Amino acid sequence: MIELRNITFGYGNRPLFDQLSLKILDGEFVGIIGPNGAGKTTLLKLMGGMMRPAAGEVWIHGRLLNRYSRMELARLLAFVPQEFHSLYDYTVEEIVLMGRYAYRRAFEPPGERDWRVAEQAMIRTEVGSLRRRRLSHISGGEKQRVVLASALAQEPRVLLLDEPTGALDLKHQIHFYRILREEQRRSGQTIVTVTHDVNLAVRFCERILVLKEGRIVADGPTETVIQQSVLETVYEIPLTIFPHPEDGKPLVTFGRVGHGR
Amino acid sequence: MGGERVGPPVPFLLLGGVAFVAALVVLPLMGSQSIDLHQVWAHVQGRSNPDGVIFFRVRLPRVLLGLLTGAGLSLAGVVFQALLRNPLATPYTLGVSSGGALGALLAIKLGLSWNVLGFSTLQIAAFGGSLATILLVYGLSRGVGAMAVHIMILAGVTLSYFLGALILLLHYLADFTETQQMIRWMMGGLDVVDYRTLVQVLPLIGLAVLGLMRMSLTLNILSTSELFALSKGVDVFRTQRLAFLYTSLLTGTVVALTGPIGFVGLIIPHFLRFLVGPDHRVLIPGSLLYGGAFLAVTDTAARTLLAPVNLPVGILTALMGGPFFLWLLYRQRNR
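Note that the protein sequences, when read in sequence, are chains A and B.
Quick note: the first sequence uses numbering that gives the first Met the number 0, first residue 0, plus one each step.
Quick note: the second sequence uses numbering that gives the first Met the number 0, first residue 0, plus one each step.
Dropping the structure here:
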């Protein structure tokens with residue numbers, strides 16, 4: 000379980016979170032949505048220990064986050080950024096093996112287990128055939144799956160994803176989230192993903208957290224949160240919600256654009 | 000499924016090793032004065048002769064210094080480029096050479112000529128100057144947590160200009176002999192060193208090299224992105240601080256002995272990445288071997304091409320390095 004207790008955090012003189020508390024249970028698939036500047040990414044980074052709150056506590060699996068070393072944390076939590084750029088052109092395999100860093104020693108080559116785990120991660124994310132390619136020679140969608148493979152190679156209990164498909168086309172978005180869901184069904188990780196795509200969140204997340212200006216506006220099972228009234232307050236534009244013709248799940252799109260409110 | 004696992008590129012490292020050893024053995028034989036190998040051998044066996052003296056007293060230390068300097072500067076370049084994630088980063092970009100030069104020129108201007116533990120005041124002042132500069136740049140750009148890379152580069156470049164002005168001021172105030180000395184130092188060269196100096200700096204350089212080798216895996220991850228490194232379990236702050244310290248020691252020591260020798264720290268790392276990719280477990284030993292051999296060869300060229308004129312090697316590295324680097328950039332643009 001990840002628990003945030005009375006978190007306060009801000010950038011410079013601009014406060015963002017004030018006494019924010021939140022619990023994420025083991026095995027949940029949580030989507031965080033909200034407008035730009037709501038604090039989605041910051042919240043994710045606070046959960047992952049990549050930023051420290053000014054006040055308040057972050058507990059992970061019953062232990063205070065500060066009590067974990069970087070290595071311990073990396074064996075528990077993995078993080079997938081929106082976009083991964085590297086000036087230096089590593090191969091797919093090298094990037095995936097970097098996920099084993101927290102399990103390895105300085106001078107030793109990767110061990111049998113490191114290879115096996117990396118191998119599996121590559122197969123599950125369908126990048127096995129790209130292993131010898133360099134990053135500059137694969138597509139954006141492939142690159143995100145490589146970064147996911149590297150995260151899976153950490154054998155994490157929790158996956159934190161920051162708009163992992165923000166720069167991908169429709170097909171690769173769905174592909175990426177399907178892999179994520181399969182992975183969760185197989186290994187039961189907790190998944191927390193930030194996304195701008197409400198419909199994607201509806202499809203894959205069991206629980207949705209709506210954030211606005213550092214406050215949690217709504218939090219609960221997907222069906223209860225995805226309401227016209229909630230989303231219109233948050234995004235400040237007219238929205239239309241209608242059932243998907245195939246399975247009746249809510250589809251969210253903008254309303255009468257150009258006509259004002 | 001699977002496929003064979005990639006091991007280290009043995010031929011690449013082996014070739015580097017051969018180049019390094021070959022440089023050590025062959026280069027001292029070359030020069031304006033030809034040397035008879037038999038005489039050298041006789042010298043080893045205790046029958047002293049002029050050829051043996053030239054080989055062991057003059058040329059061998061010089062080649063050794065070339066190997067050491069080339070290795071040190073290349074390694075420092077590799078690490079700085081990884082730490083700053085900037086292909087143009089070298090210790091010199093951050094003002095190290097200017098700092099070292101200011102130290103050395105001050106020592107010349109003030110006419111300091113003590114000898115401390117076998118090091119001249121000039122060497123100590125240059126070492127102090129380099130180290131002080133780099134620590135200042137590091138201190139300026141160290142934010143709350145990790146360092147801000149762009150600030151560091153800006154600070155380094157700005158400081159270089161500032162120190163450059165101070166250097167010009169010293170030049171202006173200097174008399175003729177001093178100016179001569181100053182200009183010569185600024186050109187960078189592998190002139191006379193004795194074995195004692197070489198042996199004395201070895202622990203310092205060895206410490207830095209071993210320390211950095213231990214960090215190869217960490218440097219790989221850190222050279223992609225700071226956030227990525229953090230999420231993989233790298234203690235980013237500690238790694239940066241330590242790697243910075245080691246490279247500063249390395250460069251400071253080398254600059255103190257040879258003056259600023261440019262471009263080695265830029266060309267060799269890029270050339271090697273071009274050949275074998277960016278893995279630091281290969282790049283680090285590679286940069287030591289190839290960088291060392293490269294500078295030793297270049298220095299031999301510098302002292303034989305226009306013989307009996309003894310060209311400072313810094314001039315030659317810049318003359319070769321500039322066009323080579325532009326060619327590399329041009330190639331990359333066309334890829």
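Even for Gly, the Cβ is constructed at its ideal location relative to N, Cα and C.
Quantities reported herein were computed from a predicted structural model and do not represent experimental measurements.
Counting the other Cβ atoms within 10 Å of the Cβ of B:His42 gives 16 or more, which makes it buried.
Residue pairing from DSSP places A:Leu3 in a beta bridge opposite A:Leu21 and A:Val57.
Burial of B:Trp184 is indicated by the presence of at least 16 other C-beta atoms within 10 angstroms of its C-beta. For A:Val216, the secondary structure class from DSSP, reduced to helix, strand or coil, is strand. Chain A has no Cβ within less than 9 Å of the Cβ of B:Arg141. With contacts defined as CB atoms closer than 9 Å, B:Leu221 and B:Thr238 qualify as a contacting pair. Measuring C-alpha to C-alpha distances from B:Leu203 to each of B:Val39, B:Arg302, B:Gly45 and B:Leu249 identifies B:Leu249 as the nearest.
Within the DSSP bridge table, the entry for A:Ala77 names A:Leu158 as partners. Rounded to the nearest angstrom, the Cβ distance from B:Leu218 to B:Ala242 is 7 Å, consistent with a contact under 8 Å. Looking only at A:Leu159, A:Gly9 and A:Gly127, the smallest Cα-Cα distance to A:Asp25 is reached by A:Leu159. Within the stretch 168 to 237 of chain A, the alpha helix (DSSP H) runs of at least 4 residues that lie entirely inside it are, in chain order, 169 to 186, 197 to 203, 221 to 224 and 227 to 234. Nearest C-alpha to B:Phe118 among B:Val192, B:Gly290, B:Leu305 and B:Leu158: B:Val192. Membership of B:Pro284 in the alpha helix (DSSP H) is indicated by the continuous run His279 to Thr303. Here DSSP, grouped into helix, strand and coil, assigns B:Ile266 to helix. By DSSP's assignment, B:Thr257 forms no beta bridge with any residue. By the criterion of a C-beta distance shorter than 7 Å, B:Val253 is surrounded in its chain by Thr68, Gly71 and Leu72, once the five residues flanking it on both sides are discounted. From the beta-carbon of A:Ala105, the residues of chain B found nearer than 7 Å are Arg213 and Leu216. Judged by pairs of C-beta atoms under 8 Å, the stretch 40 to 54 of chain A does not touch the stretch 85 to 94 of chain A, as fewer than three such pairs exist. Counting only Cβ-Cβ distances below 8 Å, B:Gly76 has no contacts in chain A at all, with the closest Cβ about 14 Å away. Along the stretch 76 to 104 of chain A, the positions whose C-beta sits under 8 Å from a C-beta of chain B are Leu76, Ala77, Phe78, Pro80, Phe83, His84, Ser85, Leu86, Tyr87, Asp88, Tyr89, Thr90, Glu92, Glu93, Ile94, Met97, Gly98, Tyr100, Ala101 and Arg103, read in chain order. The continuous beta strand (DSSP E) containing A:Phe253 extends over residues Pro249 to Phe253. Excluding residues up to 5 positions away in sequence, Ile283 lie with their Cβ nearer than 7 Å to the Cβ of B:Met212 in the same chain. Per the Cβ contact rule, the stretch 272 to 279 of chain B is not in contact with the stretch 87 to 94 of chain B (fewer than 3 Cβ pairs under 8 Å). The beta carbon of A:Arg255 sits closer than 7 Å to the beta carbons of Pro237 from its chain, once the five residues preceding and following it are set aside; these are given in chain order. Excluding sequence positions up to five before and after B:Gly285, its CB lies within less than 7 Å of the CB of Phe11, Leu12, Gly15, Leu271 and Val275, all in the same chain and listed in chain order. For a Cβ distance threshold of 9 Å, nothing in chain B lies close to A:Leu45: the least Cβ distance comes to about 13 Å. The DSSP assignment places 175 to 186, 194 to 213, 215 to 221 and 225 to 230 as complete runs of the alpha helix (DSSP H) inside the stretch 157 to 243 of chain B, in order along the chain (cut-off: 4 residues). With a threshold of 16 other beta carbon atoms within 10 Å, B:Gln44 falls short and is exposed.
Within the model, the alpha-carbon separation for A:Ile240 versus A:Val233 is close to 15 Å. The C-beta separation of B:Thr223 from B:Ser31 comes to about 49 Å, leaving the pair out of contact by the 8 Å criterion. Rounded to whole angstroms, the gap between the alpha carbons of B:Arg58 and B:Gly258 is 19 Å. In terms of Cβ geometry, A:Gln183 and A:Arg156 do not form a close pair [threshold 9 Å].
Put simply, the stretch 70 to 78 of chain A does not touch the stretch 16 to 33 of chain A. Fewer than three CB pairs are less than 8 Å apart.
Rounded to the nearest angstrom, the gap between the Cα atoms of A:Val224 and A:Ala217 is 6 Å. Judged by DSSP secondary structure, B:Val43 falls within the alpha helix (DSSP H) whose first and last residues are Leu36 to Val43.
Neighbourhood of A:Ala148 in chain B, by CB distance below 8 Å: empty, with the nearest CB roughly 13 Å away.
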